[in-house]
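Q:
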Amino acid sequence: MAGIYIHIPFCAQKCTYCDFASYPREIGKCEAYFAVMYKEIKYRAKTLKDKVFDTVYFGGGTPSFVNEKFIYGAMKLISQEFKIKPNAEITLELNPGTITEEKVKLYKKAGINRFSVGLQCADDGMLQRLNRIHTTDDFVSAMKLLDGENVSVDIMIGLENQTKDQIEKSIRLANDLGASHISLYSLKAEEGTIMYSKYLNGDLPSEDEVADFYDFSVKLLSTLGFSRYEVSNFCKDGKFSRHNLNYWLRGEYIGFGVSASSFIDERRFTNTSKIDEYIHLLLNDKYPEIFSENIEGDERKFEFIMLALRTTRGIVFSEYEERFGEKFMVRFSDRVKMLMPYLEIYEDCIKIKDEYLYVQNNIIIQFMD
Amino acid sequence: MALKKENIRNFCIIAHIDHGKSTLADRLIEMTGQVSQRDLKDQLLDSMDLERERGITIKLTPVRMYYTAKDGKEYVFNLIDTPGHVDFSYEVSRSLAACEGAILVVDSSQGVEAQTLANVYLAVDNDLEVMPVLNKIDLPSARCDEVATEIEEVIGIDASRAPRISAKSGINIEEVLEGIVEQLPPPVSCDDAPLKALIFDSYYDNFKGVICFVRVMEGVVRPGMKIRTFMSDKTFDVVEVGVFSPDLLPQKELTSGEVGYVTASIKSVEDTQVGDTITTVENPTCEPCPGYQKALPMVFSGVYPLDGSKFNDLKEALLKLKLNDAALTFEPENSTALGFGFRCGFLGLLHMEIIQQRIEREFDLEIITTAPSVSYKVYLTDGTMLEVENPSRLPDMSGVDYMEEPIICANIYSPPEYVGAIMDLCQEKRGVMRDMTYLDQKRVKLNYKLPLNEIVFDFFDGLKSRTRGYASFDYEIEGYERSELVKLDMYLNGDPCDALAIIVHKDKAYARGRAIAERLKEVIPRQMFEIPIQAAIGGKIIARETVKALRKDVLAKCYGGDITRKKKLLEKQKEGKKKMRKLGTVEIPSEAFMSILKIDSDN
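Sequence order for the protein chains is A and B. Every letter in the first sequence is one number past the one before it in my numbering, and letter 140, counting from 1, is 140. Every letter in the second sequence is one number past the one before it in my numbering, and letter 428, counting from 1, is 428.
1) Give the interface partners of B:G260 over in chain A, defined as CB-CB distance under 7 angstroms, in chain order.
2) Run the CB neighbour count on A:R268, radius 10 Å, all protein chains shown included, and call it buried at 16 or more, exposed below.
3) Would you report the Cα separation of A:V279 and A:G257, rounded to the nearest angstrom?
4) Where does the unbroken beta strand (DSSP E) through B:Q534 begin, and where does it stop?
5) With distances taken Cα to Cα, identify the nearest neighbour of A:S116 among A:G59, A:T136, A:R44.
6) Unbroken beta strand (DSSP E) runs of length 3 or more, entirely within the region 187-215 of chain B: which are they?
7) Between A:I364 and chain B, is the shortest Cβ-Cβ distance under 8 angstroms, so that the two count as touching?
8) How about A:S261: is its C-beta nearer than 8 angstroms to some C-beta of chain B?
9) What does the alpha-carbon distance come out to for the pair B:S141 and B:R164?
10) Given that a residue counts as buried once 16 or more other Cβ atoms are within 10 Å of its Cβ, and exposed if not, what is B:C397?
11) In its own chain, which residues sit with a C-beta less than 6 angstroms from the C-beta of A:G158, not counting the 5 before and 5 after it?
12) Any beta carbon of chain A sitting closer than 8 angstroms to that of B:K577?
13) Does the beta carbon of A:Q360 come closer than 8 angstroms to any beta carbon on chain B?
14) Kindly list, in the order they appear in chain A, the residues whose Cβ is closer than 7 angstroms to that of B:L550.
15) Is the beta carbon of B:N390 closer than 8 angstroms to that of B:N447?
16) Within the 8 angstroms Cβ cut-off, does B:Q573 reach chain A?
17) Are the region 138-145 of chain A and the region 167-187 of chain A touching by the rule of at least three beta carbon pairs closer than 8 angstroms?
18) To which residues of the same chain is B:I531 closer than 6 angstroms at the C-beta, ignoring the five residues directly before and after it?
19) Report the residue from B:Y438, B:C144, B:E428, B:K267 whose alpha carbon sits nearest the alpha carbon of B:G462.
20) Using the rule of at least 16 other Cβ atoms within 10 Å of the residue's Cβ for burial, across every protein chain shown, is B:S414 buried or exposed?
21) Reducing DSSP to helix, strand and coil, say where A:T47 ends up.
22) Name the residue from A:S22, A:Q120, A:E230, A:I4 whose alpha carbon lies nearest to the alpha carbon of A:D276.
23) For chain A, is any of its Cβ atoms less than 8 angstroms away from the one on B:D461?
24) So with CB distances below 9 angstroms, who are the chain B contacts of A:D208?
25) Give me the DSSP bridge partner(s) of B:N78.
26) So, at 6 angstroms on beta carbons, what are the nonlocal neighbours of A:D370 in its own chain, with the 5 sequence-adjacent residues on each side left out?
27) Spell out the partners DSSP gives A:Q162 in its beta bridges.
28) Check whether chain A comes within 8 angstroms of B:I563, counting only Cβ atoms and requiring the distance to be less than that.
29) If the cut-off is 9 angstroms on Cβ atoms, which residues from the region 302-324 of chain A count as contacting chain B, listed in chain order?
30) Out of B:C426, B:C286, B:L485, B:D247, state which residue places its alpha-carbon closest to the alpha-carbon of B:F459.
31) Using a beta-carbon distance below 8 angstroms, is B:M131 in contact with chain A?
32) For the structure I just gave you, are there three or more beta carbon pairs, one from the region 328-340 of chain B and one from the region 262-273 of chain B, closer than 8 angstroms?
33) Taking the alpha carbon of B:V221 as the reference point, which residue from B:D237, B:V181, B:L439, B:Y438 has its own alpha carbon closest?
34) Grab me the residues of B:Y379's own chain with a C-beta within less than 6 angstroms of its C-beta, minus the 5 sequence neighbours each way, in chain order.
35) Just reading off the alpha helix (DSSP H) that B:I359 is part of, what are its end residues?
36) Between which residues of its own chain and A:A45 is the CB-CB distance below 8 angstroms, once the five residues before and five after are set aside?
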């Protein structure tokens, strides 16, 4: 498996919790941005001619905020430059406040076959406080436009003064409107965001409350037919996100655009998150990456374990053995023994027990040398 | 150069912290040309990093200076620095015994401070001539006349001839130099008597062995002589004698009245303890210098390497520190919780802190220290007596007849407005007031009898916070007294943790058990399972707290495949874990063992 990620760093406005590369005031640079990104795509394509890609993902920012012709253009270029599997999963992140029938039409024409819709919370007061540009009604309209499509919905827990009722309303609404995939993210107040001062003020729910919300949501989702396949991701009918699953299986991916990360041939590299620097570097025919690291030896094993244990599939012994030429249970017998109370061991795989999935860091770091 | 005794001045400088003792010393050294301006680090006498950082003097460093006075004669000044802390008051008294005079530095805006008083009285007790000096006269808040009167009234010494100076700006320093000549007495000569030299400090040198700082009281010492120490009763051959300039400067001999050093291939400072007397084997003096006390550790604490495999490194570090510090004691001990380590004995809490910091800094070792304890005398029913320094070694109480704990006599000096707060504190600490005197309108001295184990338990912090730092405190050990003591055990996840056990007075056991359990609940991070914390006396649980199980530590989404960042976060978490000690399945941060001391500070 291999994936392609395209970062669109433009937004109508910044949400209070956002620390991603998004630039509400830079939309004027959109044209230039895509122009240089096309350059980046072409450069990289030369070195990746033989790879076959299973997924494409447009993330942001707000990919649906920019003129849809850019998405169409980017997708067209990618199809020309890369070998994309015929049944590839092609996802676009979308903000319910930015969507129109025409847009959806062109997205589909571009080949987009999966939509990830950012609802966050079905409460207009809360949406306003988060500085989201849409309302719950906007979400309902957007979902109607996407009727029949493969749709995922983002929902956040751990928001200020959030109640279980609000979470339940959000989840049920997404389900009722046909979502087959739900990403349930707990808010993390990152330094430098507006949310961070709320966190410092103690205005956000405690970790215990968030854990309660999480447990509550997992149960609710399960009664609605969603199964958890990764700590934050739930799906119906096997509609998991192939693009994200590729990350967790330690598959390869190439990222384009500001702040995009890539993992190719055991090398991880990341682009600059500054839009001007990104444009400038590419205009000067330079790769915009500012960080690069070759992953060697045991570090590969650790990454594999760390990523696989996020999933409910766990570590599949045959996959581990195939990659590293050793038996997982032999190599890590001491850790497995120590962590026995928290692990579930099967003939062909090992995974974290459901009830400990939310405290997995403590387990994962034991595999670090 | 033949030295005339009347041209020698041996003196020390007494000052409250920050009143400018080290600055004045630097200025004197500079004026007499001992050290060029270029080599003059700030505060030359405080040679250890730790001393300079904290502005305290721990080790004594004497300096010899040459000064040609206005009378045209050349004088030799020996300045003997004194440590400024109560833990080292015995060293102060020994260095005073090596002098004939003392310079009392008083900040002309602050006036006489309590700590100064104690040392001035010590100087007067040692028959020293005291010359007051008013420092910092260039400060706008200086009130020289008032402070001069204060010195006369409070201390009772003549301040009319006190030089008024600014050590920092170098104003009137010459007056001090002249004052030393005119106001401080020379030593009395008796070169013909048998050798009698007082050791007032010593340190270990890798090449020369122990270097003894001595004041020759009577007789002469020169290389080749066979000498004997009075108390440790060892004999040595003198290799070298010399003076401090401030580096060691060898001389042909040291005669009575002189201050200098003696080396004699001595392997350990323990053989040349402060206060001991050196004499010759052939023609010994009959009387040693008075007032010798062996430095006895009063505070004990377990010191363990954070990384269990570093036990031998820790041993090396302690051995090296011991070479220079006769008061430090240590012996190996074994804790089920912490593995192999040492039970160390210290003069007091500052001494303990200094040794801990030196282990960490000079030897780059991370250590865990258990809460300090004192030495208890445990009388068993079979009539024998055990000294117990480690609470976990207390024998089964059924075999104990009674116990005794060390008692101190404490003087607390404070402005009168804090007397109530101090009395409350001492009351809580089982203190008995013996006396209260007004030294002047602004200063009260309270004399208390207090159990030492209450002092090691957060007394200083309590005193400082309740008096906003205005009170000062010194104490001496008075002896042992019978007391109703119990051992308080702490259980973590059902298992006793020997490193957290303390010995405490029966009446305080409940409150302290509760407080420690609460405190541990705060410092022990939540883990994968619930951890009960229990306090128990003799197997009976008296308090319980619970560290709830961790419920969420998962990292947010793997956004856009930024796995590097996620790995970094995990690495950081892993690093944090390395600072923890594992007791059974429970992980405890190393500071937890000391933090149980801090429980009173929230009051």
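We put the CB at the ideal spot given by N, CA and C, even for glycine.
A: This is what the structure gives:
1) Within chain A, no residue has its beta carbon less than 7 angstroms from that of B:G260; the closest one is some 58 angstroms off.
2) With 16 or more Cβ atoms within 10 Å of its Cβ, A:R268 is classed as buried.
3) It is worth fixing the name first, because residue 279 of chain A is Ile in this sequence and not Val. Roughly 9 angstroms between the two C-alpha positions.
4) Counting along the chain, the beta strand (DSSP E) containing B:Q534 begins and ends at 531-537.
5) It is A:G59 whose Cα lies nearest to the Cα of A:S116.
6) Scanning the region 187-215 of chain B for uninterrupted beta strand (DSSP E) segments of 3 residues or longer gives 196-205, listed from N- to C-terminal end.
7) By this cut-off, A:I364 is an interface position.
8) Interface annotation, A:S261: in contact with chain B, CB-CB separation under 8 angstroms.
9) Distance between the alpha carbons of B:S141 and B:R164: 14 angstroms.
10) Per the sequence shown, the amino acid found at residue 397 of chain B is Met instead of Cys. By the Cβ-count criterion, B:M397 is exposed, with fewer than 16 other Cβ atoms from all chains shown falling within 10 Å of its own Cβ.
11) So the qualifying residues of the chain are S186, L187, P205, V210.
12) At a cut-off of 8 angstroms between beta carbons, B:K577 contacts chain A.
13) Answer yes: the Cβ-Cβ gap between A:Q360 and chain B drops below 8 angstroms somewhere.
14) For B:L550, the C-beta contacts it makes with chain A under 7 angstroms involve V359, N362, in order along the chain.
15) Going by C-beta atoms, B:N447 is not nearer than 8 angstroms to B:N390.
16) Chain A, which has a Cβ nearer than 8 angstroms to the Cβ of B:Q573, makes this yes.
17) Verdict: yes, contact present.
18) Taken in chain order, the residues that qualify are N493, V547, V586.
19) Residue B:E428 is the option with its Cα nearest to B:G462.
20) With 16 or more Cβ atoms within 10 Å of its Cβ, B:S414 is classed as buried.
21) The answer is helix: DSSP assigns A:T47 an H, G or I state.
22) Of the candidates A:S22, A:Q120, A:E230, A:I4, the one whose C-alpha sits nearest the C-alpha of A:D276 is A:S22.
23) No, its Cβ sits nowhere closer than 8 angstroms to a Cβ of chain A.
24) Close to A:D208, with beta-carbon spacing below 9 angstroms, are these residues of chain B in chain order: K548, R551, K552.
25) DSSP output for B:N78 lists B:N10, B:R64 as bridge partner(s).
26) With chain A covering only 1 through 369, there is no way to say anything about residue 370 of chain A.
27) Beta bridge pairing from DSSP links A:Q162 with no other residue.
28) By this cut-off, B:I563 is an interface position.
29) If the cut-off is 9 angstroms between Cβ atoms, the region 302-324 of chain A has F302, E303, M306, L307, R310 near chain B.
30) Of the listed residues, the one whose Cα sits closest to B:F459 is B:C426.
31) Not one chain A Cβ lies under 8 angstroms of B:M131.
32) Between the region 328-340 of chain B and the region 262-273 of chain B, the count of C-beta pairs closer than 8 angstroms stays below three; the two stretches do not touch.
33) Comparing alpha-carbon positions, the option among B:D237, B:V181, B:L439, B:Y438 lying closest to B:V221 turns out to be B:D237.
34) The answer, listed in chain order, is M385, D401, Y402.
35) Run containing B:I359: 349-362, per the alpha helix (DSSP H) assignment.
36) Within the same chain, Cβ atoms closer than 8 angstroms to the Cβ of A:A45 are found at E81, F82, the five residues on either side in sequence being excluded.
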